[in-house]
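Peer 1: Dropping a structure here in structure tokens format, bear with me for questions.
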Amino acid sequence: MTLFGGSVPAAALAQRLQDLRAELPPHTRLLAVSKGYPAEQIRALAALGQSSFGESRLQEATLKQQQLADLPPLDWHFIGRLQANKARPVLRQFGTLHSVDSLALAERLARIAAEEGLSPAVFLQVKLRPDANKTGFSAAELRQAWPRLQQLQPLRPIGLMTMAPLGLEAGERRGLFADCAALARDLGLPELSMGMSGDWREAAAAGSTWVRIGSALFGT
Ligand SMILES: *Cc1c(COP(=O)(O)O)cnc(C)c1O
Numbered sequence: 165m166t167l168f169g170g171s172v173p174a175a176a177l178a179q180r181l182q183d184l185r186a187e188l189p190p191h192t193r194l195l196a197v198s199k200g201y202p203a204e205q206i207r208a209l210a211a212l213g214q215s216s217f218g219e220s221r222l223q224e225a226t227l228k229q230q231q232l233a234d235l236p237p238l239d240w241h242f243i244g245r246l247q248a249n250k251a252r253p254v255l256r257q258f259g260t261l262h263s264v265d266s267l268a269l270a271e272r273l274a275r276i277a278a279e280e281g282l283s284p285a286v287f288l289q290v291k292l293r294p295d296a297n298k299t300g301f302s303a304a305e306l307r308q309a310w311p312r313l314q315q316l317q318p319l320r321p322i323g324l325m326t327m328a329p330l331g332l333e334a335g336e337r338r339g340l341f342a343d344c345a346a347l348a349r350d351l352g353l354p355e356l357s358m359g360m361s362g363d364w365r366e367a368a369a370a371g372s373t374w375v376r377i378g379s380a381l382f383g384t
């Protein structure tokens, strides 16, 4: 995706937001994934009451956060692969992290968050189906790491995040989302970050509490 590529006119953006709000079940919140789209689109949605935005590249997000510094604070979520050497600025600039995919990363984040006096909400990213393009805990790895993860103050593990591999049938995606929901329930985690533009309806039906929607909102 090109940075600041084509994006919809403001009226269409407002209509899409309204349509999404009308269709999302009450337990599901909208994370507007603004990666690749300009700060002006974020500003337009913020004026309509959308306050939670997802970004996946630190440099791009930093630029937009500076461009939007005149607004009341927005609720920024980091959803991209989190490189260890970016942990500190990511913690400073994002209150919620969706992509904590290893115990080593969680330990590093906890140490730096403590130094910074921050207590970020974190989603543990899980990979419950084979997928060469994604990272994440397997169910077995997560269960094994869970006692330790719960002790990693000041991190606040609130839920699980997952992405469906490309090419799954709708029924297979529903099975994956149901498995992720069951695992979260088992661990006592209340939140689920599941569902993107192409599969958010299935994820919401499976109990997702955050759908991460980019192109269906901003795309041309
Ligand atoms: C880009 C991205 C999204 C949004 O994808 P769309 O298909 O454009 O809705 C959601 N989650 C993650 C982790 C992403 O990187």
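Position 169 (the sequence shown) corresponds to 333 in the working numbering; numbering is contiguous. All C-beta atoms, glycine included, are put in the ideal place defined by N, C-alpha and C.
Nearest to E279 by alpha carbon, out of L292, L255 and V264?
Peer 2: L255
Peer 1: Given S379, which residues of its chain have a CB within under 6 Å of its CB, disregarding the five upstream and five downstream residues?
Peer 2: S361
Peer 1: Ends of the beta strand (DSSP E) at V254?
Peer 2: From DSSP, V254 is part of no beta strand (DSSP E) but of the alpha helix (DSSP H) over A251 to Q257.
Peer 1: Classify A196 as helix, strand or coil using the three-state DSSP reduction.
Peer 2: strand
Peer 1: Rank R338, T260, L356 and G335 by C-alpha distance to the C-alpha of D239 and give the top, closest one.
Peer 2: T260
Peer 1: R376 by DSSP, collapsed to three states: which one?
Peer 2: strand
Peer 1: What ranges does the alpha helix (DSSP H) occupy inside the segment 306 to 362, keeping only unbroken runs of at least 4 residues that lie completely in it?
Peer 2: 334 to 351
Peer 1: Should M325 and H262 be called a contact, given that it needs their Cβ atoms to be closer than 8 Å?
Peer 2: yes
Peer 1: Taking the CB atoms as reference points, tell me whether I243 and S215 lie closer together than 8 Å.
Peer 2: no
Peer 1: Given a cut-off of 8 Å on the beta-carbon distance, is the pair S372 and L356 in contact?
Peer 2: yes
Peer 1: To the nearest angstrom, how far is the alpha carbon of L313 from that of L381?
Peer 2: 34 Å
Peer 1: Grab me the residues of L232's own chain with a C-beta within less than 8 Å of its C-beta, minus the 5 sequence neighbours each way, in chain order.
Peer 2: A203, I206, R207, A210 and L238
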